Structures are given as C-alpha cells and as structure tokens.
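Heads up: the structure comes next, in structure tokens.
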Amino acid sequence: MAVFRDTPYSQFNFQVKFGSTQAGFQEVAGLGTEVHVAEYRNGNKGDNSTVKVMGLPKYSDITFKRGVCGDLTTLWTPFQAVLNGGGNTDTARSLTVTINLMDETGNTVVQTWTLSNARPMKLTGPQLTGKGTDVAIEELVMCCERIEQS
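Just so we're aligned: the sequence shown equals residues 21 to 170 in the working numbering.
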C-alpha cells in the first residue's frame, strides 16, 4: 500500500483506529523495531573475529497524545480492562491498532502501520494549572507484540 513519490509526505495527516473505533490524536510517537544482535566466536576459529548472530525482534512502546475531549471510551475503556486483571488474557491482547499516514488531501492512505496484540500500559492525565492557556493533553502508552508496515 505504500505509495512512492519524489517528495516526502507531511507528518500532520494521519488516522488512528483501535479495532473498529477511530480516534483523533495530536501525536503518535515510538513506531520502531529493533533486532538484538549477539556476537559469537568458536574457540577454534582461525581468525580473532566474532560472528554476528541475529536474535529476536523487539518492538518499541507507542505513545498517543491528544487533547482531553471528554471521550472516555477510546482511551479509558481498554486501559480499564487491563486494570481489572484482563491484561494477560487473549481478549485483551487481541486489540489491533492501525495508524494510517494520509496524503495532503487527507483522502488517500499512503502508508499503514499495524500494531498486533496491542495493550495499554500507561495512561497519563493532563498537567493542570490555573494560569495556563495550553490545551489539556492526555497520553496513552501501548505495548505490542508486532508492528507491520505496508
């Protein structure tokens, strides 16, 4: 589904779906994968160098930020399931999160990241101050077992 062109896409048009629920966010950060590399050398190897052995992949935690808008179902409901002891069940792990990067018109999906078996692990409320004029921002951090890009 990735669409090639000469100029890079902007980062400001994107959609996020938690299963079938679409949610609006100001920021999504942490889309990353890392593979552990172990160095190994047989004691009877002819030269004194190591071999790089590829290990298991590790997926970064993803952070979603948005303004507090009174919609508790999008962020709080999945987190409440984990708080109530459901974080290790198959139902809690079956949440699929889809992040779509859109073109400048906001009509065409140009790249998609799919988080498999995602679960919320941290929910942070806004910083409140009586003298502030900023938007109240809440933050959700999720872990996942796999990130696929298409």
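The beta-carbon is built from N, C-alpha and C at its ideal position, and this holds for glycine as well. Keep in mind the model is a prediction, meaning the values are calculated, not measured.
The segment 62-77 makes no contact with the segment 111-126: fewer than 3 CB pairs, one atom from each, lie closer than 8 Å. Of the other Cβ atoms in all chains shown, fewer than 16 fall within 10 Å of the Cβ of Met74; this residue is therefore exposed. Under the DSSP assignment, Phe32 falls outside any beta strand (DSSP E); it carries neither an H nor an E label. Of the residues assessed, Arg139 falls on the buried side of the cut-off, its CB having 16 or more other CB atoms within 10 angstroms.
With contacts defined as CB atoms closer than 7 Å, Thr134 and Glu168 qualify as a contacting pair. Only residues of its own chain outside the window of five on either side were considered, and among them Phe45, Val48 and Leu160 have a CB closer than 6 Å to the CB of Phe84, listed in chain order. Note that the C-beta distance between Tyr79 and Thr53 is below 7 Å. The three-state reading of DSSP puts Asn104 in helix, counting H, G and I together. Rounded to the nearest angstrom, the Cβ distance from Val71 to Pro146 is 50 Å, too far for a contact under 8 Å. In the DSSP assignment, the residues bridged to Val129 are Met122.
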